[in-house]
Amino acid sequence: MANNTGKKYGGRKKGTPNKLTKELRSVLKEVVYNELENIEERLDQLEPHQRVELVIKLMPYVFPKIKSASHTIDEPLDWGFS
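What follows is the structure, given as structure tokens:
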């Protein structure tokens, strides 16, 4: 008979990480660290335009995105100093 109570029985508890996901993240983290150690050599092997394109693609992971600020005439100014 199907469980119609809405309660969960069995399986992982809420917040318990999936074993496969944990292992995959560990492996990917190791790969990324190894590549970061060799990034200067890899960049030197690229053509200048390829190097610039790669750096531009990596920038969002290093620098926060800047949001544009706008103000309308009817709004009071809020400088956030309160």
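First residue of the sequence shown? That's 102 in my numbering, and the numbers climb one at a time after it.
We put the beta carbon where it would ideally sit given N, CA and C, even for glycine.
Mind reading off the beta-carbon distance from residue i to residue j? Whole number of angstroms is fine, and I expect it under 8 Å.
{"i": "Leu144", "j": "Arg152", "result": "5 Å"}
{"i": "Tyr110", "j": "Asn104", "result": "7 Å"}
{"i": "Leu147", "j": "Leu137", "result": "In fact, because the Cβ distance is near 16 Å, the residues do not count as touching under 8 Å."}
Q: Any chance you could list the alpha helix (DSSP H) runs of at least 4 consecutive residues sitting entirely within the stretch 105–172, in chain order?
A: 120–138, 140–146 and 149–159
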